[in-house]
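S.K.: Pasting a structure below so you can have a look.
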């Protein structure tokens, strides 16, 4: 858990997150990620064998959380209203640049 | 008062209380439209320096105020927040107002719906003045990460107001709203409330619907109120709390009359003081102010007990792994397709995604997306994300054990008072470490209140954090009221 992050790691993770970093920015992020990961390595001190991970706290509440609503179809937002917020549409669909390069 | 503190004007009174204002409107001595107009004048005067409001919703506000005046003129019963001017954080969506979460990537976005908490305020008669600045996507503790410029602390304009809900705290402190809404993921309501000398509430996870809150870390995000006094904050929470079919994590537990609960006094309440919150890094003046607050609680008839929460030191690493992992997933939706900013002239879809996100996100948001993506990536998931979730359970269980012995836990909200603008901007880790006293309650899902608890020699506000068990907001309000009664309450701007 004390992995040293390289510039290549930063670039790989940036690609996974659909981020493009300027060359100088990658180095800066590498420095920051290493500082933060060094710090979080403190968690290794704790033996957590057999501890069930806690993803969210609803099950710790004694009353009334996490109840699901009936699976019924309800009216949603109007298409025209939603499309009005998009950078580019044809009135029915969102428009984007081409997906496949020839 | 020390010459170090510079205020923007000679003297400003804090907002009147909700009950005073409402009585005035009910009796006809105050008109809601006049009250709203008066607040817009104050905003016009003070906001250019403070930068708390980023957009105003005058038409919607004045329409609502006129509606309240018409009800009052007819002698109809008035809802609980009738005519009360409130402001809304830029991370909560509201029809007819742009919402950007202070990010360039949502520039120009007008959401087609209201957040549940916003709709509930308006249904209770509140007049929604406008939208308040915050750190980009609520990521930050100083409000310096806003794409629309920093907010200044009304108590000392060279200093930060705290973050991420800096605009929400500053607006109340400068009386540019009677109350506001913010959101708190790792301390984003409590810490700015502390820096600006006002009351801020972290409700129990699930107590207030998150529908319409722009998501940062979904298992941690909460919506909560700011006000100039504890009773008003309790009233605000009563309005926005409750189950919402649109948020499956919202609790269906009944909503108490929090304001009435807060009237019950703190006598014979059991208060825990955890040693881990008074260690290295706590500024002596903050410690002294909090110790006076604890003495005040003893004088008010509370029993004070030293307790230990030994996992506290693991809270920051746990928080920054959990929160960034969730953020990296939540922020994947900003891709330039459906709303907000799209980088022009990209040849392909994937280039358009990358350019839009690269140009649209600020440095701190990118840092957190990278950290979160790394912690979730193949080969690191178990070591980082899963490990953090295990420690999260240990932290939560530690609080559950503590609350079997005490009704509330009191700590400093922040180890320091408000720092200078730019002081920590270049050191992300130092900024993260400042969240040391607030992220624990975020991870455990418990509730808490920041209540003003005196000032430093230089006049900077110090805040006490009062924590209580899940869904026991009433206990936190009762204790906070007792502190407020003896330690001076909200600060407000001072005479030089």
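Protein chains in written order, with the numbering used here: chain L, 51 to 152; chain S, 1454 to 1949. Using N, Cα and C, we set each Cβ at its ideal position, and we do this for glycine too. Everything numeric in this text was worked out from a predicted model, so none of it was measured.
#1: Any C-beta of chain S sitting closer than 8 angstroms to the C-beta of residue 51/L?
#2: Which value, in whole angstroms, describes the spacing of the CA atoms of residue 1600/S and residue 73/L?
#3: Going residue by residue through the region 1514 to 1553 of chain S, where are the continuous beta strand (DSSP E) segments of at least 3 residues, counting only ones entirely within it?
#4: Taking 8 angstroms as the threshold (C-beta atoms), are residue 1594/S and residue 1430/S in contact?
#5: Got a sec: is the Cβ-Cβ distance from residue 1795/S to anything in chain L below 8 angstroms?
#6: When the Cα of residue 1480/S is compared with those of 1510/S, 1522/S and 1468/S, which residue comes out closest?
#7: I want to see whether chain S comes within less than 8 angstroms of residue 77/L, judged by CB atoms only; does it?
#8: Where does residue 1496/S land, buried or exposed, given buried means 16+ other C-beta within 10 angstroms?
#9: Pull up the distance between the alpha-carbon of residue 1681/S and that of residue 1561/S, whole angstroms please.
#10: Does residue 1556/S have its Cβ less than 8 angstroms from a Cβ in chain L?
#11: Mind reading off the beta-carbon distance from residue 1868/S to residue 1648/S? Whole number of angstroms is fine, and I expect it under 8 angstroms.
#12: So with CB distances below 9 angstroms, who are the chain L contacts of residue 1881/S?
#13: Relative to the C-alpha of residue 1873/S, which candidate in 1548/S, 1663/S, 1603/S and 1483/S has its C-alpha closest?
#14: Starting from residue 1637/S and walking both ways along the alpha helix (DSSP H), at which residues does that stretch end?
#15: Identify whether residue 1843/S lies in helix, strand or coil by the three-state DSSP scheme.
#16: Against chain S, does residue 103/L count as a neighbour if the rule is that its beta carbon must be under 8 angstroms from one of theirs?
#17: Could you give the residue range of the alpha helix (DSSP H) that holds residue 1483/S?
#18: According to DSSP, is residue 1708/S helix, strand or coil?
#19: Where does residue 1612/S sit, in a helix, a strand or coil, going by DSSP?
#20: In the region 1800 to 1815 of chain S, which residues sit with their C-beta less than 8 angstroms from some C-beta in chain L, listed in chain order?
#21: Should residue 1696/S be labelled buried (16 or more other beta-carbon atoms within 10 Å of its own) or exposed?
#22: Would you mind working out which of 1847/S, 1853/S and 1554/S sits nearest residue 100/L, comparing C-alpha positions?
#23: Beta-carbon of residue 1681/S versus every beta-carbon of chain L: anything under 8 angstroms?
#24: Hey, is residue 1708/S's beta-carbon within less than 8 angstroms of any beta-carbon in chain L?
#25: For residue 1612/S and residue 1897/S, I'd like the C-alpha separation in whole angstroms.
#26: Identify which residue in 1705/S, 1876/S, 1856/S and 1627/S has its Cα closest to the Cα of residue 1727/S.
#27: Using 8 angstroms for Cβ pairs, my map puts residue 1629/S next to residue 1499/S. What's the rounded Cβ distance?
#28: The alpha helix (DSSP H) with residue 1504/S in it runs from where to where?
#29: Are the C-beta of residue 56/L and some C-beta of chain S separated by less than 8 angstroms?
#30: Can you list, in chain order, the residues of its chain with a C-beta nearer than 7 angstroms to that of residue 1638/S? Leave out the 5 residues immediately preceding and following it.
#31: For residue 129/L, decide whether its Cβ has a neighbour in chain S, counting only Cβ atoms nearer than 8 angstroms.
#32: Does any CB atom of chain L fall closer than 8 angstroms to the CB of residue 1551/S?
#33: Rounded to a whole number of angstroms, what is the C-alpha to C-alpha distance between residue 1839/S and residue 93/L?
#34: Which first and last residues belong to the beta strand (DSSP E) in which residue 1950/S is found?
#35: Using a C-beta to C-beta distance shorter than 7 angstroms, which residues of chain S count as neighbours of residue 132/L?
#36: Beta-carbon separation of residue 1723/S and residue 1918/S under 8 angstroms?
M.R.: The short version:
#1: Residue placement at residue 51/L is flagged as unreliable, the pLDDT there being 46, under the threshold of 50; a coordinate-derived value is accordingly withheld.
#2: 22 angstroms
#3: 1538 to 1542
#4: Outside the modelled stretch of chain S, which goes from 1454 to 1949, sits residue 1430/S, for which no answer is possible.
#5: yes
#6: 1522/S
#7: no
#8: buried
#9: 32 angstroms
#10: no
#11: The Cβ separation is near 12 angstroms, so there is no contact.
#12: 82, 85 and 86
#13: 1603/S
#14: Looking at the DSSP string, residue 1637/S is not in any alpha helix (DSSP H); the run it does join, the beta strand (DSSP E), is 1632 to 1637.
#15: helix
#16: yes
#17: Where residue 1483/S is concerned, there is no enclosing alpha helix (DSSP H), given that its DSSP letter is neither H nor E.
#18: coil
#19: strand
#20: 1800, 1801, 1802, 1803, 1804, 1805, 1806, 1807, 1808, 1810, 1811 and 1814
#21: buried
#22: 1847/S
#23: no
#24: no
#25: 30 angstroms
#26: 1856/S
#27: 6 angstroms
#28: Where residue 1504/S is concerned, there is no enclosing alpha helix (DSSP H), given that its DSSP letter is neither H nor E.
#29: no
#30: 1591, 1669, 1670, 1673, 1674, 1776 and 1895
#31: no
#32: no
#33: 11 angstroms
#34: Absent from the structure is residue 1950/S, since the part of chain S shown begins at 1454 and ends at 1949.
#35: 1565
#36: no
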